[in-house]
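Residue numbers (my numbering), protein chains in the order written: chain S, 396 to 941; chain D, 116 to 230.
C-beta atoms are modelled at their ideal positions from N, C-alpha and C, and glycine is treated no differently.
And the structure:
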């Protein structure tokens with residue numbers, strides 16, 4: 396029974412999302428509680444999976460769980476794989492999803508139909524992409540999450556959203572086609588789509604075929620890099636993220652991390668130390684693109700006029716940093732560096748998500764909500780009678796600006812990498828590793844150190860400028876903010892705080908995650924050692940009869 | 116046959132990419148369609164081109180796999196067709212919404228200045 400827990404993060408949101416499609420949006424409250432229940436359940440499952448991934452393993456390195464879909468033996472069927480990295484990403488996803496849902500319950504979910512279903516389908520795609528061990532299945536889950544994200548981005552409609560959405564969709568459709576070309580090239584060369592099988596075969600590929608395989612993986616990586624927001628492919632990202640409603644943008648903060656995750660997973664597995672002639676392929680390119688993304692992000696952040704754009708550029712800085720470190724790890728930069736980057740990634744994702752939620756309350760002037768609702772009502776042709784019940788008078792937080800200011804300050808501290816929050820711990824741990832002799836050219840190490848410092852400084856300057864404008868140079872009456880909009884931000888920051896207090900435990904977890912990523916053998920061979928459920932049944936029955 | 120297929124894929128991809136870079140949203144969507152045809156043919160060709168071999172094997176008994184075509188790429192093509200069909204339909208809706216909201220079919224939602 397317990398092995399079926401692996402597929403639960405995909406099934407729970409899928410069933411709940413489909414169920415909610417049966418009812419129209421008059422049942423909004425019920426839908427909210429249903430999706431809340433589903434998301435909390437996902438968090439519990441994800442935590443259980445983390446505990447399991449941490450516990451097992453003879454040498455304490457953690458166990459990898461495999462789940463054979465349809466009970467097909469490994470290379471023929473699709474497998475789901477849960478190891479430390481994917482369990483960690485699952486927890487991060489549901490940690491972002493819960494605050495985003497609470498925030499959306501205030502008014503965003505009312506701006507259009509089927510918000511909650513789309514949200515659950517986005518979770519299906521995200522969880523599936525983190526769990527799957529098969530390249531084509533990864534494509535399918537990418538499409539699921541993209542299709543849901545198109546709907547969520549366009550949610551609430553309006554000219555800005557439709558325009559940004561069109562660019563976003565065109566970009567991602569093209570990226571999906573590249574994904575298909577890459578996958579089919581890999582299949583054409585190796586005859587397998589199973590990532591573990593691929594990792595096994597990589598060292599024994601004929602030299603004349605190897606360049607085709609490299610081309611396939613490179614084209615595939617372009618598709619991932621588009622999602623990750625890597626530099627020359629990321630010009631759509633700030634506009635799209637800015638156009639989305641606040642809780643949608645907060646959820647999109649993890650979408651770039653899906654791209655980063657896929658690259659990390661694939662390159663470590665396929666081009667790791669045991670890859671023969673292919674070892675370290677693409678490392679230089681990843682480092683270059685990662686560093687370029689950080690530079691683009693920090694310049695964009697300094698040039699931005701609005702908080703939304705700044706938040707989007709800080710997403711770029713965060714994913715660029717992790718991309719560059721992935722390149723370092725593939726080139727042999729050491730496990731501790733990757734561990735620090737993973738820690739930094741969790742912290743910065745949570746902080747950017749909180750920042751996206753803060754944008755709207757911070758910029759809200761009198762009549763902001765009313766104007767927005769009037770606009771959407773216009774688009775959807777809603778009667779006036781229905782609008783009257785919409786603006787919930789709610790509970791106006793006293794000293795709103797103080798609370799908002801504290802939240803904003805905490806986000807700033809994480810993103811700029813100031814002590815004592817995770818941004819600082821992650822960056823210090825990375826710099827510490829870069830200062831040690833890791834066998835890579837020192838110029839490269841110093842460039843990354845410099846960019847880590849510089850990006851933190853740029854974030855500080857940019858965000859402080861906006862903060863001063865909003866909190867100190869504001870003459871207007873403070874905006875009315877619902878408690879339901881502050882709670883999610885507080886929850887996210889609480890998790891960040893927890894990461895700071897429990898920094899050692901978290902870092903220990905990411906360290907063993909990184910070392911598990913470097914030892915590909917248990918992943919690559921574990922899949923084939925997994926017995927089919929039918930075989931297990933017969934052995935059990937035979938054992939019982941004897 | 117390899118030559119004809121390669122030329123077909125090449126022509127489809129070239130026209131697709133050219134149209135994709137055009138400023139009108141309808142051209143973009145046609146370009147995406149053509150590009151996805153090219154990609155589908157490409158996936159299909161990755162299962163090797165073998166005339167006169169079915170992809171479905173009979174049930175039971177001894178089966179000689181060499182006289183059958185690789186069924187996997189054909190299954191992949193089917194999935195890819197379905198997904199690209201659905202996403203193209205969605206894109207079409209967004210295109211129409213953009214046309215309705217902005218009054219122009221330029222991809223940026225506004226005409227470029229002709230000065």
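Sub-8 Å separation of residue i and residue j beta-carbons
i	j	result
residue 812 of chain S	residue 735 of chain S	no
residue 654 of chain S	residue 666 of chain S	no
residue 888 of chain S	residue 805 of chain S	yes
residue 649 of chain S	residue 721 of chain S	no
residue 972 of chain S	residue 662 of chain S	The displayed coordinates of chain S run from 396 to 941. Any statement about residue 972 of chain S would go beyond what the structure contains.
residue 516 of chain S	residue 527 of chain S	no
residue 847 of chain S	residue 825 of chain S	yes
residue 732 of chain S	residue 828 of chain S	yes
residue 480 of chain S	residue 404 of chain S	no
residue 173 of chain D	residue 184 of chain D	no
Proximity test, Cβ basis, 8 Å: residue i and chain S
i	result
residue 154 of chain D	yes
residue 195 of chain D	yes
residue 224 of chain D	yes
residue 141 of chain D	no
residue 212 of chain D	yes
residue 180 of chain D	no
residue 205 of chain D	yes
residue 198 of chain D	yes
residue 127 of chain D	no
residue 118 of chain D	no
residue 172 of chain D	no
Straight-line Cα distance separating residue j from residue i
i	j	result
residue 603 of chain S	residue 144 of chain D	37 Å
residue 882 of chain S	residue 695 of chain S	30 Å
residue 506 of chain S	residue 599 of chain S	55 Å
residue 572 of chain S	residue 799 of chain S	43 Å
residue 668 of chain S	residue 913 of chain S	8 Å
residue 436 of chain S	residue 407 of chain S	8 Å
residue 584 of chain S	residue 465 of chain S	26 Å
residue 554 of chain S	residue 660 of chain S	38 Å
residue 607 of chain S	residue 580 of chain S	7 Å
residue 626 of chain S	residue 843 of chain S	16 Å
residue 181 of chain D	residue 810 of chain S	58 Å
residue 575 of chain S	residue 225 of chain D	32 Å
residue 737 of chain S	residue 905 of chain S	6 Å
residue 462 of chain S	residue 570 of chain S	29 Å
residue 519 of chain S	residue 637 of chain S	24 Å
residue 567 of chain S	residue 931 of chain S	42 Å
residue 687 of chain S	residue 414 of chain S	44 Å
residue 427 of chain S	residue 841 of chain S	49 Å
residue 445 of chain S	residue 482 of chain S	5 Å
residue 542 of chain S	residue 523 of chain S	14 Å
residue 455 of chain S	residue 908 of chain S	Reliability fails at residue 455 of chain S, whose pLDDT of 49 lies under 50, so the model's placement of it is uncertain and no value is given.
residue 532 of chain S	residue 473 of chain S	7 Å
residue 917 of chain S	residue 459 of chain S	8 Å
residue 151 of chain D	residue 196 of chain D	8 Å
residue 187 of chain D	residue 162 of chain D	8 Å
residue 217 of chain D	residue 503 of chain S	23 Å
Amino acids of chain A, ordered along the chain, whose beta-carbon sits closer than 8 Å to that of residue i
i	result
residue 569 of chain S	The structure shown has no chain A; the protein chains it does contain are S and D.
Three-state secondary structure (DSSP) of residue i
i	result
residue 877 of chain S	strand
residue 930 of chain S	helix
residue 502 of chain S	coil
residue 532 of chain S	helix
residue 589 of chain S	strand
residue 509 of chain S	coil
residue 221 of chain D	strand
residue 558 of chain S	helix
residue 139 of chain D	strand
residue 925 of chain S	coil
residue 165 of chain D	coil
8 Å Cβ cutoff, residue i in contact with chain D
i	result
residue 531 of chain S	yes
residue 860 of chain S	no
residue 606 of chain S	no
residue 650 of chain S	no
residue 671 of chain S	no
residue 440 of chain S	no
residue 561 of chain S	yes
Jot down the residue ranges of each uninterrupted beta strand (DSSP E) in the stretch 413-490 of chain S, minimum 3 residues, whole runs only, in chain order. 460-463 and 474-477
Suppose only complete runs of 4+ residues qualify. What are the alpha helix (DSSP H) ranges in the stretch 798-850 of chain S, listed by chain order? 817-830
Which ranges would you report for the alpha helix (DSSP H) in the stretch 643-715 of chain S if only whole runs of at least 4 residues count? 650-665 and 678-698
Going residue by residue through the stretch 591-627 of chain S, where are the continuous alpha helix (DSSP H) segments of at least 4 residues, counting only ones entirely within it? 602-623
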